[in-house]
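Residue numbers (the numbering used here), protein chains in the order written: chain A, 40 to 155; chain C, 40 to 155.
First comes the structure, then the notes that go with it.
2 protein chains.
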Amino acid sequence: MEISYDENGLVPVVAQDALTGEVLMLAWANAEAMELTTSTGDLHLWSRSRSELWRKGDTSGQVQKVLSLRVDCDQDALLLDVEAGGDGKSCHTGRKSCFYRRVETHDGQRRLVFEP
Amino acid sequence: MEISYDENGLVPVVAQDALTGEVLMLAWANAEAMELTTSTGDLHLWSRSRSELWRKGDTSGQVQKVLSLRVDCDQDALLLDVEAGGDGKSCHTGRKSCFYRRVETHDGQRRLVFEP
Numbered sequence: 040m041e042i043s044y045d046e047n048g049l050v051p052v053v054a055q056d057a058l059t060g061e062v063l064m065l066a067w068a069n070a071e072a073m074e075l076t077t078s079t080g081d082l083h084l085w086s087r088s089r090s091e092l093w094r095k096g097d098t099s100g101q102v103q104k105v106l107s108l109r110v111d112c113d114q115d116a117l118l119l120d121v122e123a124g125g126d127g128k129s130c131h132t133g134r135k136s137c138f139y140r141r142v143e144t145h146d147g148q149r150r151l152v153f154e155p
Numbered sequence: 040m041e042i043s044y045d046e047n048g049l050v051p052v053v054a055q056d057a058l059t060g061e062v063l064m065l066a067w068a069n070a071e072a073m074e075l076t077t078s079t080g081d082l083h084l085w086s087r088s089r090s091e092l093w094r095k096g097d098t099s100g101q102v103q104k105v106l107s108l109r110v111d112c113d114q115d116a117l118l119l120d121v122e123a124g125g126d127g128k129s130c131h132t133g134r135k136s137c138f139y140r141r142v143e144t145h146d147g148q149r150r151l152v153f154e155p
């Protein structure tokens with residue numbers, strides 16, 4: 040079974056809370072990160088901003104244990120059930136999910152609304 | 040509020056069932072698709088394989104009504120609550136979700152297991 044990586048050698052990874060199904064974040068992995076994720080059980084990623092391989096949670100303690108891994112029809116996207124360690128949060132802003140702002144459009148102008 | 044598009048002018052879009060939270064698919068949108076999505080309420084996407092803008096469901100009838108739109112911390116990924124029209128499915132293979140196969144690894148070899 041082959042994962043289809045993009046022209047930069049990356050695949051998008053969607054992590055959801057294994058218990059609640061809440062989508063926590065969208066991140067990126069390369070082949071090496073995927074090898075490390077499957078061999079260790081901890082989510083490894085490729086940081087596009089830092090151009091480096093990292094284990095999610097290495098500095099924050101928010102290591103994500105991967106309980107299941109699904110691939111989509113085109114095999115170019117992954118969906119993971121994870122258990123977040125540390126304080127159980129996933130976002131570097133200190134929130135559980137990275138998707139904490141809703142986009143609303145009024146008169147063609149988009150604005151962001153913080154979710155409770 | 041600006042969405043951060045990648046070097047190809049695209050942003051990944053994760054659609055989840057508004058009722059159950061089930062992740063249905065990961066697709067891609069450009070700025071024009073996003074304008075059409077917000078102005079019409081129907082999910083519009085950019086097809087990377089066909090290099091064309093399309094309204095999801097135009098041929099299948101599986102139009103997705105977007106009930107809410109969230110953006111992540113880096114503003115380079117979107118999470119949508121959608122209501123799938125037609126037969127309520129999202130995947131071109133005839134399944135509800137595109138993530139219908141689990142990846143299992145045995146002795147370093149990955150294999151795909153179909154979910155029930």
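Quick reminder that beta carbons are idealized off the backbone N, C-alpha and C, glycines included.
- Contact annotation: tryptophan 93 of chain A and tryptophan 67 of chain A have beta-carbon atoms that are not nearer than 8 Å.
- Residue contact check for glutamine 55 of chain A against chain C: a CB pair falls below 8 Å.
- Here serine 136 of chain A is not near methionine 40 of chain A, since their CB atoms are 8 Å or more apart.
- For histidine 131 of chain A, the closest Cβ of chain C is nearer than 8 Å.
- When beta bridges are read from the DSSP output, valine 62 of chain A appears opposite A:Gln55.
- Taking 7 Å as the upper bound on Cβ-Cβ separation, chain C lies near residues Ser107, Leu108, Arg109, Val110, Asp111 and Cys112 of the stretch 89-115 of chain A.
- Shortest Cα-Cα distance from phenylalanine 138 of chain C to any of A:Leu117, A:Glu74 and A:Cys130 involves A:Leu117.
- As the crow flies, the alpha-carbon of arginine 89 of chain C is around 21 Å from that of glycine 48 of chain A.
- Put simply, the stretch 70-85 of chain C does not touch the stretch 96-109 of chain A. Fewer than three CB pairs are less than 8 Å apart.
- Counting of Cβ neighbours within 10 angstroms places histidine 83 of chain A among the buried residues, the total reaching 16 or more.
- At a cut-off of 8 Å between beta-carbon atoms, threonine 144 of chain A makes contact with chain C.
- By the CB criterion at 8 Å, aspartate 81 of chain C and valine 102 of chain C fall inside the cutoff.
- Non-local beta-carbon contacts of lysine 95 of chain A in its own chain, meaning distances under 6 Å to residues more than five positions away in sequence, involve Leu82, Leu84 and Gln103 in chain order.
- Closest by C-alpha distance to alanine 57 of chain C, out of A:Glu61, A:Ala54 and A:His131, is A:Glu61.
- Between the C-alpha atoms of valine 50 of chain C and valine 142 of chain A there is a straight-line separation of about 15 Å.
- Secondary structure of leucine 92 of chain A (DSSP, three-state): strand.
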